[in-house]
Amino acid sequence: MKAPTLILNFDSLLTAMTKRVTQFVENTDQTINPKGRTGGWLVYLNPNGRLQAQMIGIVAPEDSARYLATAVRKILTQLMLNPEHVSSYQSRDGKTLWGGGINLFDWGYVSFSGLPEAGDEACLVASLEDMGLVSDVGLFRLVLEISSNEVYPWLKTA
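To get my numbering, take the position in the sequence shown, counting from 1, and add 722.
Structural data, given as C-alpha coordinates:
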(Lines of atoms letter the chains of each structure in order from A and count residues from 1; the text may use other names and numbers.)
(Lines give C-alpha, C1' and ligand atoms only; values in the text may rest on other atoms or scores of the structure.)
Protein backbone atom coordinates (compact mmCIF):
# COMPACT_ATOMS: atom_id res chain seq x y z
CA MET A 1 0.00 0.00 0.00
CA LYS A 2 1.29 3.43 -0.94
CA ALA A 3 1.93 5.90 1.89
CA PRO A 4 -0.42 8.89 1.94
CA THR A 5 0.88 12.13 0.46
CA LEU A 6 1.47 14.80 3.09
CA ILE A 7 0.38 18.25 1.94
CA LEU A 8 0.56 21.46 3.94
CA ASN A 9 -2.53 23.63 4.11
CA PHE A 10 -1.26 26.64 2.14
CA ASP A 11 -3.82 29.00 3.69
CA SER A 12 -2.62 28.05 7.18
CA LEU A 13 1.00 28.52 6.11
CA LEU A 14 0.11 31.89 4.59
CA THR A 15 -1.61 33.00 7.81
CA ALA A 16 1.35 31.91 9.96
CA MET A 17 3.87 33.57 7.63
CA THR A 18 1.87 36.80 7.44
CA LYS A 19 1.97 36.98 11.24
CA ARG A 20 5.72 36.38 11.37
CA VAL A 21 6.59 38.72 8.49
CA THR A 22 4.47 41.46 10.08
CA GLN A 23 6.22 40.86 13.40
CA PHE A 24 9.61 41.06 11.67
CA VAL A 25 8.76 44.27 9.79
CA GLU A 26 7.24 46.04 12.81
CA ASN A 27 9.99 45.12 15.27
CA THR A 28 13.26 45.26 13.37
CA ASP A 29 15.74 48.08 13.18
CA GLN A 30 18.58 48.98 10.81
CA THR A 31 20.88 46.31 12.24
CA ILE A 32 18.54 43.44 11.35
CA ASN A 33 16.72 44.99 8.38
CA PRO A 34 19.13 47.60 6.94
CA LYS A 35 17.14 48.19 3.73
CA GLY A 36 13.80 48.41 5.55
CA ARG A 37 12.21 45.60 3.55
CA THR A 38 8.51 45.09 4.23
CA GLY A 39 7.43 41.93 2.44
CA GLY A 40 8.17 39.21 -0.06
CA TRP A 41 6.93 36.06 -1.77
CA LEU A 42 6.00 32.78 -0.09
CA VAL A 43 6.25 29.69 -2.30
CA TYR A 44 5.20 26.11 -1.52
CA LEU A 45 5.78 23.12 -3.80
CA ASN A 46 3.78 20.15 -2.56
CA PRO A 47 4.82 16.51 -3.09
CA ASN A 48 2.41 16.22 -6.05
CA GLY A 49 4.22 19.03 -7.89
CA ARG A 50 1.65 21.78 -7.32
CA LEU A 51 3.30 25.16 -6.82
CA GLN A 52 1.50 27.81 -4.78
CA ALA A 53 2.76 31.35 -4.30
CA GLN A 54 1.50 34.46 -2.54
CA MET A 55 2.94 37.88 -1.84
CA ILE A 56 3.02 38.86 1.83
CA GLY A 57 3.36 42.43 3.06
CA ILE A 58 4.35 45.33 0.86
CA VAL A 59 6.74 44.73 -2.03
CA ALA A 60 7.84 47.46 -4.42
CA PRO A 61 6.56 46.69 -7.95
CA GLU A 62 10.10 46.79 -9.32
CA ASP A 63 11.18 44.08 -6.83
CA SER A 64 8.18 41.74 -6.99
CA ALA A 65 9.20 39.59 -9.98
CA ARG A 66 12.76 39.26 -8.70
CA TYR A 67 11.62 38.17 -5.22
CA LEU A 68 9.20 35.63 -6.70
CA ALA A 69 11.89 34.25 -9.04
CA THR A 70 14.33 33.99 -6.14
CA ALA A 71 11.81 32.13 -3.97
CA VAL A 72 11.11 29.67 -6.80
CA ARG A 73 14.86 29.27 -7.50
CA LYS A 74 15.48 28.34 -3.85
CA ILE A 75 13.21 25.34 -4.38
CA LEU A 76 13.78 24.30 -8.00
CA THR A 77 17.51 24.96 -8.28
CA GLN A 78 18.90 24.82 -4.79
CA LEU A 79 16.81 22.22 -2.97
CA MET A 80 15.47 19.89 -5.65
CA LEU A 81 18.87 19.57 -7.32
CA ASN A 82 20.43 18.87 -3.92
CA PRO A 83 17.89 16.51 -2.32
CA GLU A 84 20.13 15.83 0.67
CA HIS A 85 20.07 19.52 1.63
CA VAL A 86 17.63 20.65 4.32
CA SER A 87 18.25 24.35 3.68
CA SER A 88 18.85 26.37 0.53
CA TYR A 89 21.58 28.07 2.55
CA GLN A 90 23.70 24.96 1.92
CA SER A 91 23.98 25.88 -1.76
CA ARG A 92 24.03 29.67 -1.49
CA ASP A 93 26.59 31.68 -3.40
CA GLY A 94 25.69 35.18 -2.15
CA LYS A 95 24.94 36.37 -5.70
CA THR A 96 21.89 34.59 -7.08
CA LEU A 97 21.50 31.64 -4.70
CA TRP A 98 20.32 32.40 -1.18
CA GLY A 99 19.10 30.92 2.08
CA GLY A 100 15.40 31.04 2.92
CA GLY A 101 14.24 27.74 1.44
CA ILE A 102 13.54 24.57 3.45
CA ASN A 103 13.25 20.97 2.30
CA LEU A 104 10.34 19.49 4.24
CA PHE A 105 11.01 16.10 2.64
CA ASP A 106 7.67 14.21 2.66
CA TRP A 107 5.79 17.53 2.92
CA GLY A 108 7.49 19.19 -0.09
CA TYR A 109 9.44 22.44 -0.17
CA VAL A 110 8.80 25.94 1.14
CA SER A 111 10.65 29.21 0.58
CA PHE A 112 10.36 32.93 1.15
CA SER A 113 12.19 35.81 -0.48
CA GLY A 114 11.98 39.53 0.16
CA LEU A 115 13.33 40.14 3.65
CA PRO A 116 17.01 39.94 4.53
CA GLU A 117 18.17 36.34 4.07
CA ALA A 118 18.16 35.47 7.79
CA GLY A 119 14.70 37.03 8.12
CA ASP A 120 13.33 34.90 5.27
CA GLU A 121 14.58 31.76 6.99
CA ALA A 122 13.62 32.76 10.55
CA CYS A 123 10.06 33.64 9.54
CA LEU A 124 9.69 30.30 7.72
CA VAL A 125 10.97 28.20 10.63
CA ALA A 126 8.90 30.14 13.19
CA SER A 127 5.78 29.78 11.01
CA LEU A 128 6.21 26.04 10.61
CA GLU A 129 6.71 25.82 14.35
CA ASP A 130 3.57 27.93 14.93
CA MET A 131 1.63 25.47 12.75
CA GLY A 132 2.76 22.57 14.93
CA LEU A 133 4.80 21.05 12.12
CA VAL A 134 8.04 20.83 14.02
CA SER A 135 7.82 17.11 14.56
CA ASP A 136 11.56 16.83 14.08
CA VAL A 137 13.06 19.63 16.15
CA GLY A 138 16.51 18.43 15.11
CA LEU A 139 15.74 19.22 11.45
CA PHE A 140 14.86 22.84 12.17
CA ARG A 141 17.74 23.24 14.57
CA LEU A 142 20.00 22.02 11.75
CA VAL A 143 18.48 24.52 9.30
CA LEU A 144 19.23 27.36 11.71
CA GLU A 145 22.72 26.11 12.57
CA ILE A 146 23.72 25.80 8.90
CA SER A 147 23.18 29.52 8.38
CA SER A 148 24.17 30.64 11.90
CA ASN A 149 20.78 32.36 11.97
CA GLU A 150 20.77 35.03 14.68
CA VAL A 151 17.36 36.45 13.76
CA TYR A 152 15.30 33.39 14.78
CA PRO A 153 15.95 33.63 18.55
CA TRP A 154 15.13 37.34 18.40
CA LEU A 155 11.95 36.69 16.38
CA LYS A 156 10.74 34.10 18.88
CA THR A 157 11.01 36.61 21.75
CA ALA A 158 9.95 39.85 19.98
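Backbone N, C-alpha and C fix where the C-beta goes; we use that ideal spot for every residue, glycine too.
Expressed to the nearest angstrom, what Euclidean distance is found between the alpha-carbon atoms of residue 740 and residue 864? Looking at the two C-alpha atoms, the distance is approximately 24 Å.
In whole angstroms, give me the CA-to-CA distance for residue 821 and residue 877. 17 Å
Residue 800: buried (16+ other C-beta within 10 angstroms of its C-beta) or exposed? buried
Cβ of residue 872 less than 8 Å from any chain B Cβ? Chain labels in this structure do not include chain B; a single protein chain is all it has.
According to DSSP, is residue 743 helix, strand or coil? Under the three-state reduction of DSSP, residue 743 is assigned to helix.
Counting pairs of beta carbons, one from the stretch 805-823 and one from the stretch 780-789, are three or more of them closer than 8 Å? no
With DSSP as the reference, identify every bridge partner of residue 786, one or two as the case may be. Note: residue 786 sits in no beta bridge, so no partner.
Host beta strand (DSSP E) of residue 855 (start-end): Per DSSP, residue 855 lies in no beta strand (DSSP E) and is assigned neither H nor E.
Taking the DSSP output, what are the residues bridged to residue 825? 831
In whole angstroms, what separates the C-alpha of residue 855 from that of residue 848? 10 Å
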